[in-house]
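S.K.: Line by line, the protein sequences are chains A and B. For what it's worth, the numbering used here labels the leading residue of the first sequence as 1, then goes sequentially. For what it's worth, the numbering used here labels the leading residue of the second sequence as 1, then goes sequentially. For glycine and all other residues, C-beta sits at the position ideal for the given N, C-alpha and C. Quantities reported herein were computed from a predicted structural model and do not represent experimental measurements.
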Amino acid sequence: MTKKEKKSFNQSLAEWKLFIYNPTTGEFLGRTAKSWGLILLFYLVFYGFLAALFSFTMWAMLQTLNDEVPKYRDQIPSPGLTVFPKPLTALEYSFTVSDPRSYQGYIEDLRKFLKPYDLEEQKNLTACPDGALFEQKGPIYGACQFPVALLQACSGVDDPEFGYSRGNPCVLVKMNRIIGLKPQGEPRIECISKSENTAALSTYPPNGLIDLKYFPYYGKKLHVSYLQPLVAVQVSFNATSSTVNEVTVECKIDGSPNLKNQDDRDKFLGRVVFKVTARA
Amino acid sequence: MGRWGTRGTVTPHEQNPSPRPRRESNTGKRRKTKRKKKKTDLEELKKEVVLEDHKLTLEELSAKYSVDLTMGLSPRRAQEILRQDGPNTLTPPPTTSKWFKFCKQLFSGFSILLWVGAILCFVAYGIQFHQKEEPTKDNLYLGIVLAAVVIITGCFSYYQEAKSSKIMESFRNMVPQQALVIRGGEKIQINVENVVVGDLVEVKGGDRIPADLRLISSQGCKVDNSSLTGESEPQTRSPEFTHENPLETHNICFFSTSCVEGTAQGIVIATGDSTVMGRIASLTSGLVVGKTPIAVEIEHFIHLITAVAIFFGVSFFGLSLILGYGWLESVIFLIGIIVANVPEGLLATVTVCLTLTAKRMAQKNCLVKNLEAVETLGSTSTICSDKTGTLTQNRMTVAHIWFDKTIYKADTSEEQTGDSSGMGKTFAKGSATWFILARIAGLCNRADFKAHQETLPIAKRATTGDASESALLKFIEQTYSSVKEMREKNPKVAEIPFNSTNKYQVIMVTGDHPITAKAIAKGVGIISEGNETAEDMAAQLQVPISQINTREAKACVVHGSDLKDMTAEQLDEILKNHTEIVFARTSPQQKLIIVEGCQRLGAIVAVTGDGVNDSPALKKADIGIAMGITGSDVSKQAANMILLDDNFASIVTGVEEGRLIFDNLKKSIAYTLTSNIPEITPFLLFIIANIPLPLGTITILCIDLGTDMVPAISLAYESAESDIMKRAPRNPRSDNLVNHRLIGMAYGQIGMIQALAGFFTYFVILAENGFKPSDLLGIRLNWEDRFFNDLEDSYGQQWTYEQRKVLEFTCHTAFFVSIVIAQWADLIICKTRHNSVFQQGMKNKILIFGIMEETFLAAFLSYTPGMDTALRMYPLKLSWWFCATPYSILIFVYDEIRKLIIRRHPGGWLERETYY
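1. Which residue wins for smallest C-alpha separation from residue 692 of chain B, given the options B/784, B/243 and B/58?
2. May I ask you to list the residues that DSSP assigns as paired with residue 234 of chain A?
3. Residue 109 of chain A by DSSP, collapsed to three states: which one?
4. Got a sec: is the Cβ-Cβ distance from residue 790 of chain B to anything in chain A below 7 Å?
5. Could you confirm whether any beta carbon from chain A is found closer than 7 Å to the beta carbon of residue 435 of chain B?
6. Looking at the unbroken beta strand (DSSP E) that takes in residue 385 of chain B, where does it start and where does it end?
7. Taking all protein chains shown into account, decide if residue 589 of chain B is buried (16 or more other Cβ within 10 angstroms of its Cβ) or exposed.
8. For the candidate residues B/649, B/704 and B/700, whose alpha-carbon lies nearest to that of residue 671 of chain B?
9. Report the CB separation of residue 218 of chain A from residue 141 of chain A in whole angstroms; it is logged as a contact under 8 Å.
10. For residue 130 of chain A, would you say it is in contact with chain B, using Cβ-to-Cβ distances shorter than 7 Å as the test?
11. Which word fits residue 139 of chain B, buried or exposed, when buried means at least 16 other C-beta atoms lie within 10 angstroms of its C-beta?
12. Using a C-beta cutoff of 7 Å, does residue 265 of chain A count as contacting chain B?
13. What is the rounded straight-line gap between the Cα of residue 165 of chain A and the Cα of residue 197 of chain A?
14. Among B/719, B/563 and B/823, which has the Cα closest to the Cα of residue 841 of chain B?
15. If you count every other CB in all the chains shown that lies within 10 Å of the CB of residue 34 of chain B, and 16 or more means buried, which is it?
16. Let me confirm a value: residue 903 of chain B is counted as buried when at least 16 other C-beta atoms fall within 10 Å, else exposed. Which label applies?
17. Would DSSP call residue 259 of chain B helix, strand or coil?
18. Does DSSP put residue 228 of chain A in a helix, in a strand, or in coil?
19. Locate the beta strand (DSSP E) running through residue 93 of chain A, then write down its first and last residues.
20. Reducing DSSP to helix, strand and coil, say where residue 212 of chain B ends up.
21. Taking only runs that begin and end inside the stretch 797-873 of chain B, name each unbroken alpha helix (DSSP H) of 4 or more residues, in chain order.
22. Listing by chain order, which chain A residues have their CB less than 8 Å from the CB of residue 798 of chain B?
23. Does the beta-carbon distance from residue 122 of chain B to residue 90 of chain A come in below 7 Å?
24. Whose C-alpha, out of B/836, B/835, B/861 and B/831, is nearest the C-alpha of residue 848 of chain B?
25. What are the boundary residues of the beta strand (DSSP E) that includes residue 192 of chain A?
26. Rounded to a whole number of angstroms, what is the C-alpha to C-alpha distance between residue 209 of chain A and residue 230 of chain A?
27. Give me the Cβ distance between residue 257 of chain B and residue 249 of chain B, rounded to the nearest whole Å; I'm assuming they're in contact under 8 Å.
28. Assign residue 217 of chain B to one of three DSSP states: helix, strand, or coil.
29. Could you work out which residues of chain D lie near residue 430 of chain B, taking near to mean beta carbons separated by less than 7 Å?
30. Residue 674 of chain B and residue 778 of chain B: beta carbons closer than 7 Å?
31. Measure the alpha-carbon distance for residue 203 of chain A versus residue 687 of chain B and round it to whole angstroms.
32. Using the beta-carbon count (16 or more within 10 Å), is residue 70 of chain A buried or exposed?
33. Kindly indicate the opening and closing residues of the beta strand (DSSP E) around residue 49 of chain A.
34. Name the residues in the stretch 194-224 of chain A whose C-beta lies less than 7 Å from a C-beta of chain B; which are they?
35. Okay, do the stretch 89-109 of chain A and the stretch 173-191 of chain A touch, 3+ Cβ pairs below 8 Å being the bar?
36. Any beta-carbon of chain B closer than 7 Å to the one on residue 119 of chain A?
Structure (structure tokens):
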């Protein structure tokens, strides 16, 4: 120990070689074939047993679940707000009025999204009475009609380009689906432009009203053709002459005491902020 | 040249050949050359001492040092010499600065692993910072925490060692010593440090010799040279030249020995570092000491863990590239996996465990100077003991007796001698068990009283044999009946000797004469009965010693002077072929050679000693043990451990504690490493299966630095599973602290079960909240997208980013709780490596406290209001606490069965593959 001999490079290389395969003992990586076989068999059996046990407990757990309603819903007491079409980067809509290709994607997205709202598609749905919760006992759950005409200028019927070609783009705002949610009061979506003088906002249906008849939601399995109520926001820029128009819009759920619209951490709980940039 | 040898000889004065060496006053210049010379100096110091001054006549002496033998030096001359030679003090060993010591704590062994981890974290954070606008700060925090752990643990162990060294400093004799010198015919008292070469000095009984002296007159002077030679008998000193050997001759007195009685006058022939004592002290401080066994073990452990970490990291790096991740992302994964393998809390756990043992040993009067030495004694395979006196003093008495399930106090006070009727009060003498016990203690006992002591009280009679057997003998003689009669009635038929092969080897290394040494060695059992040396065999067979095959003799007595002519190979031969070895008449240098020889053969050597002559060997030994009361300062400086009460039996305690902490550290590490697997696998599945992350960095740290700490430390309080003193000392080459079997158990088996427990809880929570397992696969990219705020679950509900993150953090909390629950079972199975828990019992109160503590801590972290913002941990529903229990039970049952099979089939396949 007094003089620690420094192993030469060749020596340690030879040691490594011997470790990888030792021809005298037939050891490969420090174990013989039999030893490798036994230890691998051990772990095969061990892990096989563990996998079986895990599968069994998972199966048992899944048996306790209800297919229609999740066991707990307390993690989402209040819905978030989201906008449509989905912009590519963050929440910024940016397009050039004179270049149809710049907004082609948005329009296609909107058309696809509004497909289930076609009059044809809604034929089988119930025409529910306005202004009251549409509570059902089952076993068959009907969905209320949402006539696309409610979206007026943003319905895509009169203007298949949703205002983009005229520099007055439409953005759809929707509330997240939550099973069993019953809004109180008169929920509506209120949108304000952060810069009042550059753009005016119009919301359809008027006042951004969300009718209570679309609640409660009974889940994907029971409530098959359920249609989410939508609110459209149309941005009309005041100065049409300027080359670049920009506006930041904030939409909030209002008028319902049990739907939150303010949370320090969750910027999308009952509100949504987006920016629209339209170039001439 | 006598016994003190010619193994290359240098006089102390060769370094300053003339009595008035022309030392340069320019100290700065000297310091420069000092470094270069250091190596050669050490080699010189290892050679033997030669002095010529004792052969000189008084006239020659007077001429050599140009001093008047009655008037002494003139004060002016003395001043001049003092200026040239410097003060008469020993250069203190080069003290490492406090900062250096602190840095050593920060950058040694385990700490390096954590530092590397911290640096990797910062690198990963740097990459993420440049890559994304808003990087997750996890890596930054993790890096900071790792660095903080190293620094805090470093401060802690530095503080612990500083405390021991403070006790050390208190030993130092701060009173300035005085010396009586005659200068210019006047007797003056001066401080010892002002004594110069050539001074005429007068010493009397009780004085310490101020420097190496050549006596010119004496009146009944006797000196105690024990601190230098180990011989405790006071020796006569007179002006006559009686022996070639300067250490034997009567006319030389040595620095720092003491004058016991009488008076003497002498001329100073060497001062400070050039004295015989000074040379030994310099030799000691110049020696380079190797790593402690535990440091070697920890290094081995780090190699293993690094290999595992790199294996994991690289294979998943490749996998993530194959799965189509980008280079930078894969590098971050690689770093993440490697860092996840670092057991953050283990450094602190090991330090605390060692500290606890150090404290326990300090209570038993063993002061350990550095923490790592705590374990060394447990690994010791060879003890070189010098102080035969302490061996012979090794007396034991019976204090308590345990029979019929009751502990009785044994009263062996002297008033009770011969009056056995008085014993009835202390214990049930009428019991049949006592009768059997007494017979066994008396008959199965090899100790015996020496002849002609019948008049002495029993407690004072001298005995032959082992200390514990002697104690039993005396006790039985006192309380029961005459052992002699008992033995006459029951003659010995056969003897099954007490198994002593499993013990560490004790080599006696002494300054005593070979004949005395051999006698003592036989007396204390170093040379056991029936074992003969080659000389004994020759005498018995009446043949010359050359005809005896020395290998047949188990015992052997080697004279120091023979040692100096031996080559290293010859010494190895002796150490290998004899089990019972006595080295007699050894010089400090030879002791050093013996220690080095044992170490060369792979032994872990403990050396005990109290004299200055022992200090080089103490320093070189893996663990040097010095005596607190009789030991010299130099020896205490050189030693790693100090027996504060000089009780040799404390060493046995030390061995026991050392072995126990080695076992318990194994358990502690096995426990801590297990939770590494449930900490790594979530990240791996996050990468491969694209599921939401099941366990986050903060929760990992909560386990490693929170819940796992107290339980891991509590294993240090675990009692031994079997009689650890009956085991052979561990083989440092094959018996490692952490081996592949431990890693296999912790990572491959128990860790995997724990991981499943965590994943099960994770899937339960997600499924019960709406995300069924089948829908989770591949969800990662959408799940992690901040602007995807209507992610649909299996029931058609839509979740915002934050809502599902809260759910994810709830899963982290639950995964964390599941690990805690699985760790309960792990802690209980880690209590034992061989026995069943039902055999071991649950007597470890700290361990029970540990289980409660981790549970409360987990509940606290989950339920305290504000934890959601502080640590992002969320309250759990009661049912989620129980998801892990089947797996916890499985851990317990699996390991109990494994241990049962190991007990049933000793040496079987399962033992070879899983017994750590």
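M.R.: Result, derived from the coordinates:
1. Translated into positions along the second sequence, residue 692 of chain B becomes position 692. When each option's Cα is compared against that of residue 692 of chain B, the closest is B/784.
2. Here the question's residue 234 of chain A lines up with position 234 in the first sequence. Paired residues: A/170 and A/202.
3. In the first sequence, the residue the question calls residue 109 of chain A occupies position 109. Residue 109 of chain A falls in the helix class under three-state DSSP.
4. Counting from 1 along the second sequence, the entry for residue 790 of chain B is found at position 790. Interface flag for residue 790 of chain B against chain A is set, since a Cβ pair is found closer than 7 Å.
5. Counting from 1 along the second sequence, the entry for residue 435 of chain B is found at position 435. With 7 Å as the cut-off, residue 435 of chain B does not count as an interface residue toward chain A.
6. Position 385 of the second sequence, counted from the first residue, corresponds to residue 385 of chain B. Note, residue 385 of chain B: beta strand (DSSP E), 382-385.
7. Your numbering for residue 589 of chain B matches position 589 in the second sequence. It counts as buried.
8. Residue mapping note: residue 671 of chain B aligns to position 671 of the second sequence, counting from 1. Taking only the C-alpha atoms, the option nearest residue 671 of chain B is B/704.
9. For the purposes of this step, residue 218 of chain A is taken as the residue at position 218 of the first sequence. For the purposes of this step, residue 141 of chain A is taken as the residue at position 141 of the first sequence. Confirmed, Cβ separation roughly 5 Å.
10. Against the first sequence, residue 130 of chain A aligns to sequence position 130. Chain B contact via Cβ: absent.
11. Reading the second sequence from its first residue, position 139 is the one you call residue 139 of chain B. Buried, since its Cβ has 16 or more Cβ neighbours within 10 Å.
12. To locate residue 265 of chain A, count along the first sequence from 1; it is residue 265. So yes, residue 265 of chain A belongs to the interface.
13. Mapped onto the first sequence, residue 165 of chain A falls at position 165. Mapped onto the first sequence, residue 197 of chain A falls at position 197. If I take the Cα positions, the gap works out to 22 Å.
14. By one-based count along the second sequence, residue 841 of chain B stands at place 841. Of the listed residues, the one whose Cα sits closest to residue 841 of chain B is B/719.
15. As a first step, residue 34 of chain B must be located in the second sequence, where it is residue number 34. Caution is warranted here: a pLDDT of 45 is assigned to residue 34 of chain B, below 50, making its placement in the model unreliable, and no coordinate value can be reported.
16. By 1-based counting over the second sequence, the position of residue 903 of chain B is 903. Label assigned to residue 903 of chain B: exposed.
17. Position 259 of the second sequence, counting from 1, holds the residue named residue 259 of chain B. Strand.
18. Taking the first sequence and counting its residues from 1, the one referred to as residue 228 of chain A is at position 228. It is coil, neither helix nor strand.
19. In the first sequence, the residue the question calls residue 93 of chain A occupies position 93. Residues 92-96.
20. Residue numbering aside, residue 212 of chain B sits at position 212 when the second sequence is read from its first letter. The DSSP-derived three-state label of residue 212 of chain B is strand.
21. Every unbroken stretch of the alpha helix (DSSP H) spanning 4 or more residues and falling wholly within the stretch 797-873 of chain B is given here in chain order: 801-830, 837-840, 845-863 and 867-870.
22. To locate residue 798 of chain B, count along the second sequence from 1; it is residue 798. Result: 79, 80, 82, 176, 177 and 178.
23. Sequence index remark: in the second sequence, residue 122 of chain B carries index 122 (1-based). Sequence index remark: in the first sequence, residue 90 of chain A carries index 90 (1-based). No, these two residues do not count as a Cβ contact at 7 Å.
24. For the purposes of this step, residue 848 of chain B is identified with residue 848 of the second sequence, where counting begins at 1. If we check each option's Cα against that of residue 848 of chain B, B/831 comes out closest.
25. If you number the first sequence from 1, residue 192 of chain A lands on position 192. Per DSSP, residue 192 of chain A belongs to the beta strand (DSSP E) from 188-193.
26. To locate residue 209 of chain A, count along the first sequence from 1; it is residue 209. To locate residue 230 of chain A, count along the first sequence from 1; it is residue 230. The straight-line gap from Cα to Cα measures roughly 9 Å.
27. As a position in the second sequence, residue 257 of chain B is number 257, starting the count at 1. As a position in the second sequence, residue 249 of chain B is number 249, starting the count at 1. About 14 Å separates the two Cβ atoms, so there is no contact after all.
28. As a first step, residue 217 of chain B is located in the second sequence; it is residue number 217 there, counting from the start. Correct three-state label for residue 217 of chain B: strand.
29. Among the chains of the structure shown, chain D does not appear; the protein chains present are A and B.
30. Position 674 of the second sequence, counted from the start, is the residue given in the question as residue 674 of chain B. Position 778 of the second sequence, counted from the start, is the residue given in the question as residue 778 of chain B. Contact flag unset, no.
31. If you number the first sequence from 1, residue 203 of chain A lands on position 203. If you number the second sequence from 1, residue 687 of chain B lands on position 687. Taken atom to atom, the span from the alpha-carbon of residue 203 of chain A to that of residue 687 of chain B is near 43 Å.
32. As a first step, residue 70 of chain A is located in the first sequence; it is residue number 70 there, counting from the start. The residue is buried, with at least 16 neighbouring Cβ atoms inside 10 Å.
33. Here residue 49 of chain A corresponds to residue number 49 of the first sequence, with the count starting at 1. Unbroken run through residue 49 of chain A is the alpha helix (DSSP H), 33-63; no beta strand (DSSP E).
34. 219 and 220
35. no
36. On the first sequence, residue 119 of chain A is found 119 positions in, with the first residue counted as 1. Cβ-Cβ to chain B under 7 Å: no for residue 119 of chain A.
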